[in-house]
Each structure stands twice: as C-alpha cells, then as structure tokens.
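**Student:** Here the sequence shown is numbered in the working numbering, starting from 8 and rising by one per residue.
Ideal Cβ positions, reconstructed from N, Cα and C, are used throughout, including at glycine.
Attaching a single structure in structure tokens format; questions to follow.
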Amino acid sequence: MTQSVPARCALVLIFVAIGLPVQLLGAQPGGQARRGPQLPEGVKAYRDMAYVENGHERQKLDLFVPESSEPLPVIVWVHGGGWQSGSKTNCLALRAGYLQQGYAVASLGYRLTDAAAFPAQIQDCKAGIRWLRAHAEEYGLDPDRFGVWGASAGGHLVALLGTSGGVEEFDVGPNLDQSSHVQAVCDYYGPSDFIAFVTTPNYERHGREDSPETKLIGGLVIENREKAARAAPITYVSEDDPPFLIVHGDKDGTVPYNQSELLFEALKAASVPVHFHTIHGAAHGGPSFSDAVVTDMVREFFEDNLKTGVGKEKEPKATTSESTASEPSASQPRAGIPWQRIASRQDTDRDGKISKDEFRGPARLFGRLDKNGDGYVTREEHEAAFRPLEKPGS
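Here is the structure:
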C-alpha cells in the first residue's frame, strides 16, 4: 500500500513530534528500511552481501567504494536500536560524506536479540570485519586501515570491537585466518558497563525483565553479573587497544553519561589514546551531534588514525573537550559555555587567554576561534563565535 505525498508529509510531522525516527516510515518487511541517500558519481555499491554464507538474514553488509587508484581506508558503521531494532540502511557515515573524502564505507547488519542473545551481536560484527579483510584486494580496501563508528547499541558494539581484540570466543565463523582488530573507534553514547548502567539513579528501568539490556544478555543484569561483565567493553580494556573518540550528551535519558565517563577513565588508565567530548544539554542523539564542532572532530579523528597518522606511534594521551547543545539560527552564533568557565578550566597559566597547548578541543575548532592567528584564543574571539548560555527563566 502506497501513501500519497500529503499523507506521507503528515506522517513525517507526527513522527518528528513524538520523537520517532523518520526512517521508520520506509521500513520494509523483515526490519530492513528502504535504501539510503543517493550516492556520488563513481561510487560502486555492493548491497546485502552475506558475510556468513547461508547465515541469518541479518548477517549481511553494504559496501560503498569510491573510484581510487590506491586501496582505501574503510569506515564501518554499526547501527543502534537497543540491539532489538535498527537497520544497516541508515548509515551515518554515508550521510556525513565520507565517500567524498576518500574512504570506503561499510554498513554492517547483525543478529538482533529476537534471533539470538549476546555474544551473537559482537560475533557478527567481528565476522563482518574479517569478511571485509578477506575481500580487501577484490574491492580495493586497505586491510590495515579499518575504523568503526556506531551510536547507542552500535556505540557499545564498536567499543567492544575496539577492546576485545584478543578475545577468542568472539571470533567464530568463517575467515578465521583474518584479523577482526580495528585501528580506530568512534563511540557515540554507547553502554560500557551494564552493572553501573542499571544501578544509576533514574535508569533502573533498564534492569527490568522487558529492558533491552535484559534481552541482550538473556537475563536480569543485576542477577547475571558474569554475563553482564562479559558483554561490557570496559571488561576487556588493555594497553594495545586502538585510539578512541567518545561523544556523549550529559542529558542523555537513555544511556547514562557515566557510561562514557567510565570507559574514558578505563582507557586512560590503560594508556590508550582517547578523546572524550561532552555535549552539555544534549540528549540521546539529536542535531547537536551534527554540529560543526562534533563533525569536524570526528573527521579529524578518522583522518589522523586512518590516513595522515598511519604508521606513527600514538601518544597515550587522554584528552577532553566540551560543547553546548544548540540549534541557532543562521544569523546568530551558536550558544556556548561562558568564557569564565572555559578560562577557569583551560587557562592554566592564568594570563587571560588560552594557548593552543592549553586548548582541549579539536585543532580545527582552535583554528576557527583564533581569528588573528596569534596562537591564542581571547575572550573577545570566544564570544564572537559563541553567544553566552541564557540562564534558566531568562
């Protein structure tokens, strides 16, 4: 049954009003959505390729490869949906333009909890990575430059890909002669420690029988601590993990902000290169994750770890940055954290300005703020780029 244009527009408005993803309007039987955005010229699309022969219908991936004379780095997107919904069709790396920036993009499907409990999901993700490596020469991919990116449940799975490189029980199925290791992990608000998750005040509902977390591990989290630890990325953190970029909103009502805090601290303690960006006022996803501050940071992270920085030894730095959720009009600057608060945290020598070495944000943001190019950000430059946050009730 097809919908008229007015009827579809009305449904879009309803979905937006109640907070449901518009992509659900295009859902097909079996949970697969209609095919994603139009591709640039010269890109070859390989859809619904089974990475497990004669496997489950979800054990498939889509691969998009731009024309190139050299093997390309790969960004693998892993979708969210509470491990019980979602589709590989809704691929953020495609919408963000990484094909045009010299990357191949893969979007990975995996078995949901209605088909199998953990560790099926991470086993599938690793099988997909191994399949891509086994076919790297065929499709023009560089097997030594694989980055992964996911949000929510997808954030959990990419974090687990990053930390569980040596966990043999997660590597099962075909192409076991290939590695499932990855070289960079971008984790958007993924769970990292399920015990801490369900015991965080106001998040206790995730410990109920009908919660996604219960379905994932096959029992109540608090009563199955060993299973919960087995599914937690934080369990496997070690010094040989790849670099991480973690992004989380501090008003996330679905996955507590402490999940990213805990993962950051564990990676920091293990001397893994990690950057943790907080979006103040942001919830579970939303437009703030598409702000230039965040998109530039993600682009720079993949550029550094899959292109310009390949082969260079990574310093074990643990750094943080922050921005503020906002939806400004084109005529006004974005809302920002007050200068006094920025300076109190970053102006370590108390000279009234922030040097490039003191600055905690991404290098590209510093370059935009430092209008006169003198190597410092002043209060005037900061306030020209960001309007102050309004106080509640003002």
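Tell me which residues share the same chain as Ala124 and place their Cβ nearer than 8 Å to its Cβ, disregarding the 5 neighbours each side in the sequence.
**Tutor:** Counting from 1 along the sequence shown, the entry for residue 124 is found at position 117. Result list for Ala124: Lys222, Leu223, Ile224, Gly225, in chain order.
**Student:** Suppose you measure from the CA of Leu70 to the CA of Val179; what does that come to, to the nearest Å?
**Tutor:** Residue mapping note: residue 70 aligns to position 63 of the sequence shown, counting from 1. Residue mapping note: residue 179 aligns to position 172 of the sequence shown, counting from 1. Rounded to the nearest angstrom, the two C-alpha atoms are 22 Å apart.
**Student:** Comparing alpha-carbon positions, which option in Pro208, Gly382, Gly169, Phe366 lies nearest Pro280?
**Tutor:** One-based indexing of the sequence shown puts residue 280 at position 273. Of the candidates Pro208, Gly382, Gly169, Phe366, the one whose C-alpha sits nearest the C-alpha of Pro280 is Gly169.
**Student:** Is Tyr195 closer than 8 Å to Ala160 when the C-beta atoms are compared?
**Tutor:** Along the sequence shown, one-based indexing puts residue 160 at 153. Along the sequence shown, one-based indexing puts residue 195 at 188. No. Outside cutoff.
**Student:** For Thr327, report the span of its beta strand (DSSP E) as first-last.
**Tutor:** Taking the first residue of the sequence shown as 1, we reach residue 327 at position 320. 325-331 is the span of the beta strand (DSSP E), which, as asked, contains Thr327.
**Student:** On the premise that Gly147 lies in contact with Leu79, defined as a C-beta separation below 8 Å, what is that separation, rounded to the nearest angstrom?
**Tutor:** Locating residue 79 in the sequence shown gives position 72, counting from the first residue. Locating residue 147 in the sequence shown gives position 140, counting from the first residue. Yes, Leu79 and Gly147 are in contact; Cβ-Cβ is about 6 Å, under 8 Å.
**Student:** Around the C-beta of Asn379, are 16 or more other C-beta atoms found within 10 angstroms, so that it is buried, or is it exposed?
**Tutor:** Residue numbering aside, residue 379 sits at position 372 when the sequence shown is read from its first letter. Per the 10 Å Cβ criterion, exposed.
**Student:** On a CA-only basis, which of Ala103, Gln108, Gly88, Val262 is nearest Asn209? Give me that one, please.
**Tutor:** What you label residue 209 is simply residue 202 of the sequence shown in a count that begins at 1. Of the listed residues, the one whose Cα sits closest to Asn209 is Val262.
**Student:** For Asp259, collect the residues of the same chain with a Cβ closer than 8 Å to its Cβ; drop the 5 residues on either side in sequence, then sort them by chain order.
**Tutor:** Here the question's residue 259 lines up with position 252 in the sequence shown. Correct list, in chain order: Tyr196, Ala289, Ala290, His291.
**Student:** For Pro249, count the other beta carbons within 10 Å of its own beta carbon; 16 or more makes it buried, fewer makes it exposed. Which is it?
**Tutor:** If you number the sequence shown from 1, residue 249 lands on position 242. The residue is buried, with at least 16 neighbouring Cβ atoms inside 10 Å.
**Student:** When the Cα of Gly104 is compared with those of Arg65, Asp131, Gly116, Pro47, which residue comes out closest?
**Tutor:** Numbered from 1 along the sequence shown, position 97 holds the residue referred to as residue 104. For Gly104, the nearest C-alpha among the options comes from Pro47.
**Student:** What first and last residue would you give for the beta strand (DSSP E) that runs through Thr285?
**Tutor:** What you label residue 285 is simply residue 278 of the sequence shown in a count that begins at 1. Looking at the DSSP string, the run of the beta strand (DSSP E) that includes Thr285 is 281-287.
**Student:** Please state whether the Cβ-Cβ distance between Gln128 and Trp90 is less than 8 Å.
**Tutor:** Taking the sequence shown and counting its residues from 1, the one referred to as residue 128 is at position 121. Taking the sequence shown and counting its residues from 1, the one referred to as residue 90 is at position 83. The answer is yes: Cβ separation under 8 Å.
**Student:** Tell me, please, whether the segment 345-361 touches the segment 296-311 by the rule of three or more beta-carbon pairs shorter than 8 Å.
**Tutor:** No, because fewer than three Cβ pairs between the segment 345-361 and the segment 296-311 fall closer than 8 Å, the two stretches do not touch.
**Student:** Only counting runs of 3 or more residues, tell me where the beta strand (DSSP E) segments fall wholly within the segment 231-287, in order along the chain.
**Tutor:** Segments of the beta strand (DSSP E) lying fully in the segment 231-287: 251-256, 281-287.
**Student:** So, is Leu269 buried or exposed, given that buried needs 16 or more other C-beta atoms within 10 angstroms?
**Tutor:** The count along the sequence shown starts at 1 and reaches residue 269 at position 262. Looking at its Cβ environment, which holds 16 or more other Cβ atoms inside 10 Å, Leu269 is buried.
**Student:** Assign Ala391 to one of two classes, buried (16 or more other C-beta atoms within 10 Å of its C-beta) or exposed (fewer than that).
**Tutor:** On the sequence shown, position 384 is the one that residue 391 refers to. Its Cβ having fewer than 16 others within 10 Å, Ala391 is exposed.
**Student:** According to DSSP, is Asp69 part of a helix, a strand, or is it coil?
**Tutor:** Position 62 of the sequence shown, counted from the first residue, corresponds to residue 69. The answer is strand: DSSP assigns Asp69 an E or B state.
**Student:** Measure the alpha-carbon distance for Asn182 versus Val59 and round it to whole angstroms.
**Tutor:** Looking up residue 182 in the sequence shown gives position 175. Looking up residue 59 in the sequence shown gives position 52. Whole-angstrom Cα-Cα distance: 9 Å.
**Student:** First and last residue of the beta strand (DSSP E) that includes Lys133?
**Tutor:** Position 126 of the sequence shown holds residue 133. From DSSP, Lys133 is part of no beta strand (DSSP E) but of the alpha helix (DSSP H) over 127-141.
**Student:** Measure the beta-carbon distance from Glu220 to Phe201 and round it to whole angstroms, keeping in mind my assumption that it falls under 8 Å.
**Tutor:** Here residue 220 is taken as the residue at index 213 of the sequence shown, counted from 1. Here residue 201 is taken as the residue at index 194 of the sequence shown, counted from 1. Yes, they are in contact, since the Cβ atoms of Glu220 and Phe201 sit about 6 Å apart, within 8 Å.
**Student:** What does the alpha-carbon distance come out to for the pair Pro294 and Val254?
**Tutor:** Here residue 294 is taken as the residue at index 287 of the sequence shown, counted from 1. Here residue 254 is taken as the residue at index 247 of the sequence shown, counted from 1. Using only the alpha carbons, I get a separation of about 13 Å.
**Student:** Under a three-way DSSP split, which group does Leu183 fall into?
**Tutor:** Numbered from 1 along the sequence shown, position 176 holds the residue referred to as residue 183. Leu183: coil per DSSP, three-state reduction.
**Student:** How is Arg215 classed by DSSP in three states: helix, strand or coil?
**Tutor:** Within the sequence shown, numbered from 1, the residue matching residue 215 stands at position 208. The answer is coil: DSSP assigns Arg215 none of H, G, I, E or B.
**Student:** Identify the continuous beta strand (DSSP E) that holds Val81 and give its terminal residues.
**Tutor:** In the sequence shown, counting from the first residue as 1, residue 81 sits at position 74. Its beta strand (DSSP E) spans residues 79-85.
**Student:** To which residues does DSSP link Phe201 through a beta bridge?
**Tutor:** Here residue 201 is taken as the residue at index 194 of the sequence shown, counted from 1. In DSSP, Phe201 forms no bridge with anything.
**Student:** Where in the segment 100-130 do unbroken runs of the beta strand (DSSP E), each at least 3 residues long, occur, reported from the N-terminal end onward?
**Tutor:** For the segment 100-130, whole beta strand (DSSP E) runs of length 3 or above, ordered along the chain, are 111-115.
**Student:** Asp121: buried (16+ other C-beta within 10 angstroms of its C-beta) or exposed?
**Tutor:** Counted from its first residue, the sequence shown places residue 121 at position 114. Exposed.
**Student:** According to DSSP, simplified to helix, strand and coil, what is Arg357?
**Tutor:** The residue given as residue 357 occupies position 350 in the sequence shown. If DSSP states are grouped into helix, strand and coil, Arg357 belongs with coil.
**Student:** Which value, in whole angstroms, describes the spacing of the CA atoms of Tyr383 and Ile361?
**Tutor:** In the sequence shown, the residue the question calls residue 383 occupies position 376. In the sequence shown, the residue the question calls residue 361 occupies position 354. Using only the alpha carbons, I get a separation of about 5 Å.
**Student:** In whole angstroms, what is the alpha-carbon distance linking Asp377 and Ala325?
**Tutor:** For the purposes of this step, residue 377 is taken as the residue at position 370 of the sequence shown. For the purposes of this step, residue 325 is taken as the residue at position 318 of the sequence shown. Each residue's Cα considered, the two are about 24 Å apart.
**Student:** Can you tell me whether Tyr117 is buried or exposed, with buried defined as 16 or more other CB within 10 angstroms of its CB?
**Tutor:** The residue you call residue 117 lines up with position 110 of the sequence shown. Buried.
**Student:** Closest to Ser198 by C-alpha separation, out of Glu176, Glu145, Lys275, Arg237, would be which residue?
**Tutor:** Position 191 of the sequence shown, counted from the first residue, corresponds to residue 198. Strictly speaking, residue 198 in this sequence is Pro, with Ser absent from that position. Looking at the Cα atoms, Arg237 is the closest of the given residues.
**Student:** Does Glu388 pass the burial test, meaning 16 or more other C-beta atoms within 10 Å, or should it be called exposed?
**Tutor:** The residue labelled residue 388 in the question sits at position 381 within the sequence shown. Glu388 is buried by the Cβ-count criterion.
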